[in-house]
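**Student:** There's a structure below that I have some questions on.
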Amino acid sequence: MPETIPQNGGFMAAAYIVTAVVLLSYTVALYLRARKR
Amino acid sequence: MTLTRKGQAVTLIGLLSLAGVYVRAIGYTPIEIHQGLAQKIFYIHVPAAIYAEVAMMLVGLGGVLYLFLKDPRLDRFAAASAEVGTAFAVVVLTTGPIWGKTVWGTWWAWDARLTSTLLLFFLYIGYLLLRGTVTDPGARARYSAVVGICGTALIPFIHLSVYLFRTLHPQPIILKPSAPSLPWSMLETWLLSLGAFTVLYVGFVMQRYAIGAEERDHA
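For the record, the sequence lines run as chains A and B. If you're matching positions, the first sequence starts at 684 in the working numbering and goes up one per residue. If you're matching positions, the second sequence starts at 1010 in the working numbering and goes up one per residue.
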């Protein structure tokens, strides 16, 4: 009997979104700090 | 072209590369049959973990060299690497529990790997707080160097913790003495992601270093 693949795409999406948010937020923070100088 | 501009350009390349990794990982990389789509968290979690650790090793290296050479550029580089490492540690400590919940059935376990990685994050926070509280530049650089060296000593323990203790966290499937236990199609995506994180690390550090240099000039 073939094994069923777990339906957990939401977890993947959450992790990818969190990573994008953290890295984009840091990019924007660095940009704004550089502009303030 | 200033260092800030160069850093911004490198960061942009890194972000575009990471977007490409997202597309490749989601659309063109096979789905692992036991873990399903959640296994694809691997492509961002592991490179982020590697750079959270590499960043701390470079903080320590910068600290050691500063203590010998007393060159403020080394201290500035260490500070930049610590801040970038903190950002990557946040990625590791958020994506890890999301992956763990679906694979292990729990968000968190106080096993050696997870706890030591959390300790690494706290060391980063302590390092940055220390830098914010000590006003004398010489003392700040010396104290920070010591914390950075302590942080570096933690890195081998984090990597070996899965061998030394019984942990929920799996053993490495790429960074191990034998060949990676991963099909080439998955390894290729992972290597692309590692490349994207490398470019991001360099871009972030260049920008943060430039900010540190300007802060010194205005002081």
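Even for Gly, the Cβ is constructed at its ideal location relative to N, Cα and C.
Interface residues of chain B around Leu-706 of chain A at Cβ under 8 Å?
**Tutor:** Going along chain B in sequence order, the residues near Leu-706 of chain A (Cβ under 8 Å) are Leu-1024, Leu-1027, Ala-1096, Val-1100 and Leu-1209.
**Student:** I'd like the list of long-range same chain contacts for Val-1214 of chain B, defined as Cβ closer than 7 Å, with 5 residues on each side in sequence excluded.
**Tutor:** Around Val-1214 of chain B: Ala-1089, Ser-1090 and Val-1093.
**Student:** Using only the alpha-carbon positions, how far apart do Thr-1198 of chain B and Tyr-1060 of chain B sit?
**Tutor:** One C-alpha to the other measures close to 17 Å.
**Student:** Excluding the five sequence neighbours on either side, which residues of its own chain have a C-beta within less than 8 Å of the C-beta of Lys-1110 of chain B, listed in chain order?
**Tutor:** Counting only Cβ-Cβ distances below 8 Å, and skipping sequence neighbours, we find Trp-1116.
**Student:** Between the C-alpha atoms of Met-684 of chain A and Gln-690 of chain A, what's the straight-line distance to the nearest angstrom?
**Tutor:** A caution first: Met-684 of chain A carries a pLDDT of 48, below 50, which makes its placement in the model unreliable, though a value can still be read off. C-alpha separation (whole angstroms): 18 Å.
**Student:** When the Cα of Val-1019 of chain B is compared with those of B:Arg-1149, B:Ile-1220 and B:Leu-1209, which residue comes out closest?
**Tutor:** If we check each option's Cα against that of Val-1019 of chain B, B:Leu-1209 comes out closest.
**Student:** Would you please state the rounded distance, in angstroms, between the beta carbons of His-1054 of chain B and Gly-1105 of chain B? I believe it to be under 8 Å.
**Tutor:** The Cβ separation is near 6 Å, so the contact holds.
**Student:** By the 10 Å Cβ neighbour count, where 16 or more other Cβ atoms means buried, how is Lys-719 of chain A classified, buried or exposed?
**Tutor:** Exposed, by the Cβ-count rule.
**Student:** Please compile the residues from chain B whose C-beta is within a distance smaller than 8 Å of the C-beta of Val-701 of chain A.
**Tutor:** Residues of chain B passing the Cβ test: Val-1100, Thr-1103, Thr-1104 and Ile-1107.
**Student:** Is Tyr-1229 of chain B close to chain A? Criterion is C-beta to C-beta, closer than 8 Å.
**Tutor:** As displayed, chain B neither begins before 1010 nor continues past 1228, which places residue 1229 of chain B out of reach and without an answer.
**Student:** Report the three-state DSSP secondary structure of Glu-1224 of chain B (helix, strand or coil).
**Tutor:** Three-state result, Glu-1224 of chain B: helix.
**Student:** At 7 Å on the CB atoms, spell out the chain A contacts of Arg-1217 of chain B, in chain order.
**Tutor:** Leu-713, listed in chain order.
**Student:** Whole-angstrom Cβ separation of Gly-1141 of chain B and Val-1156 of chain B, contact assumed at under 8 Å?
**Tutor:** The Cβ separation is near 13 Å, so there is no contact.
**Student:** With C-beta atoms as the reference, is Thr-1013 of chain B less than 8 Å away from Ala-717 of chain A?
**Tutor:** Yes, the pair counts as a contact, with Cβ atoms nearer than the cut-off.
**Student:** Along chain A, which residues have their Cβ under 8 Å away from the Cβ of Ile-1220 of chain B?
**Tutor:** Leu-713, Arg-716, Ala-717 and Arg-720, listed in chain order.
**Student:** How would you call Arg-1122 of chain B, buried or exposed, if buried means at least 16 neighbouring beta carbons within 10 angstroms?
**Tutor:** It counts as buried.
**Student:** Can you name, in chain order, every residue of its own chain whose Cβ lies under 7 Å from the Cβ of Leu-1067 of chain B, other than the five neighbours on each side?
**Tutor:** Closer than 7 Å at Cβ, skipping near neighbours: Ser-1090.
**Student:** Please state whether the Cβ-Cβ distance between Ala-1154 of chain B and Tyr-1052 of chain B is less than 8 Å.
**Tutor:** Not in contact: Ala-1154 of chain B and Tyr-1052 of chain B (Cβ atoms no closer than 8 Å).
**Student:** Looking at Asp-1084 of chain B: is its Cβ nearer than 8 Å to the Cβ of Gly-1071 of chain B?
**Tutor:** Taking 8 Å as the Cβ cut-off, Asp-1084 of chain B and Gly-1071 of chain B qualify as a contacting pair.
**Student:** Helix, strand or coil: which one does DSSP assign to Glu-1041 of chain B?
**Tutor:** Three-state result, Glu-1041 of chain B: strand.
**Student:** Find the residues of chain A that neighbour Leu-1046 of chain B, judging by a C-beta separation of less than 7 Å, and give them in chain order.
**Tutor:** Ordered by position in chain A, the residues that pass the 7 Å Cβ test against Leu-1046 of chain B are Asn-691, Gly-692 and Met-695.
**Student:** Round the Cβ separation of Tyr-709 of chain A and Gln-1017 of chain B to the nearest angstrom and send it over; I've been treating them as touching at under 8 Å.
**Tutor:** That pair is no contact at about 13 Å.
**Student:** What is the rounded straight-line gap between the Cα of Leu-1200 of chain B and the Cα of Phe-1174 of chain B?
**Tutor:** Going by the C-alpha atoms only, they are around 28 Å apart.
**Student:** Cβ closer than 9 Å: which chain A residues qualify as neighbours of Gln-1017 of chain B?
**Tutor:** The answer, in chain order, is Thr-710, Leu-713, Tyr-714 and Ala-717.
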